[in-house]
Amino acid sequence: MTPTTDGWIAGAPVQWTRGRIKNLIASSTNGTWGGEPAEDGSDVRCIRAADFDRVGRRAKADGAPLRSVDASSLRQHLLHPGDLILEKSGGGEKQPVGMAVLYDGAEKAVCSNFCSRISPESAVDSRFLTYVFAAAYGQGLTQSAIKQTTGIQNLDAGAFFSSPWAYPGLEEQRRIADFLDAETSKLARIELLSSKFSHLLGERQASLLSNCFSSRTTEAGGTLPVNLALRRVVNRWIDYRGATPEKTVSGVPLVTAKNIRDGKIDMAASREYIAEDAYSDWMRRGLLMHGDVLLTTEAPLGQVAMVDDPGVALAQRVIVLRADQRFCSPEWLYWYLRSPQGQAELELRATGSTALGIKADRLRGVPILVLKPAEAKERLAQLQSQVSQIESLQGELSRQRALIAERRQALITAAVTGQFDVSTASERNVTDGGTA
Numbered sequence: 019m020t021p022t023t024d025g026w027i028a029g030a031p032v033q034w035t036r037g038r039i040k041n042l043i044a045s046s047t048n049g050t051w052g053g054e055p056a057e058d059g060s061d062v063r064c065i066r067a068a069d070f071d072r073v074g075r076r077a078k079a080d081g082a083p084l085r086s087v088d089a090s091s092l093r094q095h096l097l098h099p100g101d102l103i104l105e106k107s108g109g110g111e112k113q114p115v116g117m118a119v120l121y122d123g124a125e126k127a128v129c130s131n132f133c134s135r136i137s138p139e140s141a142v143d144s145r146f147l148t149y150v151f152a153a154a155y156g157q158g159l160t161q162s163a164i165k166q167t168t169g170i171q172n173l174d175a176g177a178f179f180s181s182p183w184a185y186p187g188l189e190e191q192r193r194i195a196d197f198l199d200a201e202t203s204k205l206a207r208i209e210l211l212s213s214k215f216s217h218l219l220g221e222r223q224a225s226l227l228s229n230c231f232s233s234r235t236t237e238a239g240g241t242l243p244v245n246l247a248l249r250r251v252v253n254r255w256i257d258y259r260g261a262t263p264e265k266t267v268s269g270v271p272l273v274t275a276k277n278i279r280d281g282k283i284d285m286a287a288s289r290e291y292i293a294e295d296a297y298s299d300w301m302r303r304g305l306l307m308h309g310d311v312l313l314t315t316e317a318p319l320g321q322v323a324m325v326d327d328p329g330v331a332l333a334q335r336v337i338v339l340r341a342d343q344r345f346c347s348p349e350w351l352y353w354y355l356r357s358p359q360g361q362a363e364l365e366l367r368a369t370g371s372t373a374l375g376i377k378a379d380r381l382r383g384v385p386i387l388v389l390k391p392a393e394a395k396e397r398l399a400q401l402q403s404q405v406s407q408i409e410s411l412q413g414e415l416s417r418q419r420a421l422i423a424e425r426r427q428a429l430i431t432a433a434v435t436g437q438f439d440v441s442t443a444s445e446r447n448v449t450d451g452g453t454a
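Last residue of the sequence shown: 454 (the working numbering), numbering continuous.
As structure tokens, then:
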């Protein structure tokens, strides 16, 4: 059982105090961005939402930028071990604003002006409060307190802090925090092993791709492979860079650079549309065909996908490559551009300091290995069989990590809302609302 909003409070243990989240908080202070680093040894770390460990719910100060903060401001904003950092501005569709993490560092640090420093009440364990904020985030309490008038989400902290809550005394808070620290650490170890296995599978796939596009010969006495420029093996280029269509709330799906990743078109990554009556005019540079290869030319560079549904529109930073099958198949072109060799050639010709991109004329010069059709077909068949197995395993691992994340959230919520007694609940399945 996962409680939502404040419906769980009536069923919380009778000895728990009924109140509001703000009763657990001593103070809330907006952060500061300070000034440019003085580089004289006086600079302090400025922790942003980008420095949050969102799984472990901890602030990662080591990678936070150094900023110059004057003495008066530092006295006001200095973080102390046990403070929480709450993201108040930022967020996005898939990661709403309102995440809070615990600061347990030893060095001088502040939080950025997009965050707030939260100091717990003296009778509140800071780890317990971190888990309370995690449960509230999972229940959607922070999302319901979001104000969004522009592209940035802003948390109405006052409304969020006024949310009803029930909580135990300090000793029970510590028992709950100890229990959750131990149980979530176990889940984190499983998650880490799963991620390591995924990384190894990724390396294996890269090795298979590299081998497929090596210049070895597989036939005795066969002709040596040749390298041809893309301009020779692509007979149609459709480039949509530099143009932005008018978007609508429905209509023809628009494929942007954000939708192309991991070798596929992922429409869930960003749902945008153009009007159906504008489709023909927008795609006047050329309609898509089944088997066309899509390549992102910047932000990010080098993501590749193959078209299986031509009924979509293309946005800027995406180029269509239609293979000349006298030289290679669409599949050969697709897999080559995903290979280490293809990616290296793209990066070699890319320009840009902050975001790499490749110009059309330099893209046309990218070399591609070309084989006799029979040998290319044999290599691709072997590659696709092996990659299919890897992708199946990757899918299972991804689902495993999603289940771990669900388990973690359910465990935290159940513990801090009093659905079970943590003193007797270790090693039990406690996320179904059972009691020890």
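Note that CB positions come from ideal geometry on N, CA and C, so glycine has one too.
- For V338, there is no enclosing alpha helix (DSSP H); the residue is found in the beta strand (DSSP E) stretching over 336-341.
- Between D58 and the set L332, R85, E189, the nearest pair of CA atoms involves R85.
- By the criterion of a C-beta distance shorter than 6 Å, R367 is surrounded in its chain by I376, R380, once the five residues flanking it on both sides are discounted.
- Rounded to whole angstroms, the Cβ separation of T47 and Q113 is 24 Å, and the two are not in contact under 8 Å.
- As computed with DSSP, D257 is found in a beta bridge with I337.
- Here the C-alpha atom of G360 lies approximately 18 Å from the C-alpha atom of A275.
- Annotated as distal: A89 and R63, with beta-carbon spacing of 7 Å or more.
- In this structure, L188 and A141 form a Cβ contact; the two beta carbons are roughly 5 Å apart against a cut-off of 8 Å.
- With a cut-off of 8 Å on Cβ pairs, the region 315-333 is in contact with the region 273-290, counting three or more such pairs.
- Residue pairing by DSSP places S137 opposite S45 in a beta bridge.
- Taking 7 Å as the cut-off, the Cβ atoms of D69 and G52 do not count as close.
- Beta-bridge analysis with DSSP links E316 to G375.
- Proximity of the region 225-234 to the region 394-407 meets the contact definition, three or more beta-carbon pairs being nearer than 8 Å.
- Cβ neighbours of R222 within its own chain (closer than 8 Å, five residues either side excluded): I408.
- The shortest CA-to-CA distance from L211 to any of S416, D439, T431 is the one to S416.
- E209 sits close to R419, with the two beta carbons spaced by under 7 Å.
- Per DSSP, reduced to three states, the secondary structure at G360 is helical.
- Where C129 is concerned, the enclosing beta strand (DSSP E) starts and stops at 127-129.
- The beta-carbon separation of Y291 and S268, rounded to 5 Å, stays under the 8 Å limit for a contact.
- Close CB contacts of T262 within its chain, under the 8 Å cut and outside five residues either way in sequence, are with A333, Q334 (chain order).
- The Cβ atoms of C133 and E105 sit closer than 7 Å to each other.
- For the 7 Å CB-CB criterion, G156 and T369 do not form a contact.
- Residue pairing from DSSP leaves D58 without any beta-bridge partner.
- Three or more Cβ pairs closer than 8 Å define a contact, and the region 38-47 falls short of that threshold against the region 425-443.
- In the three-state reduction of the DSSP assignment, L97 falls in the coil class.
- For P138, the closest of G123, P99, M324, P83 by C-alpha to C-alpha distance is P99.
- According to the DSSP secondary-structure assignment, N172 is paired through a beta bridge with S107, K165.
- Secondary structure at Y185: strand, using DSSP grouped into helix, strand and coil.
- For R36, the enclosing beta strand (DSSP E) has its first and last residue at 35-38.
- Straight across, the Cα-Cα distance linking Q191 with P31 is about 13 Å.
- Under the DSSP assignment, V434 falls in the alpha helix (DSSP H) whose first and last residues are 391-434.
- For a cut-off of 8 Å, the C-beta gap from V150 to D71 is around 18 Å, too long to register as a contact.
- A check of alpha carbon separations from A341 across I283, G309, G29 identifies G309 as the nearest.
- Judged by DSSP secondary structure, L306 falls outside any beta strand (DSSP E); it is assigned neither H nor E.
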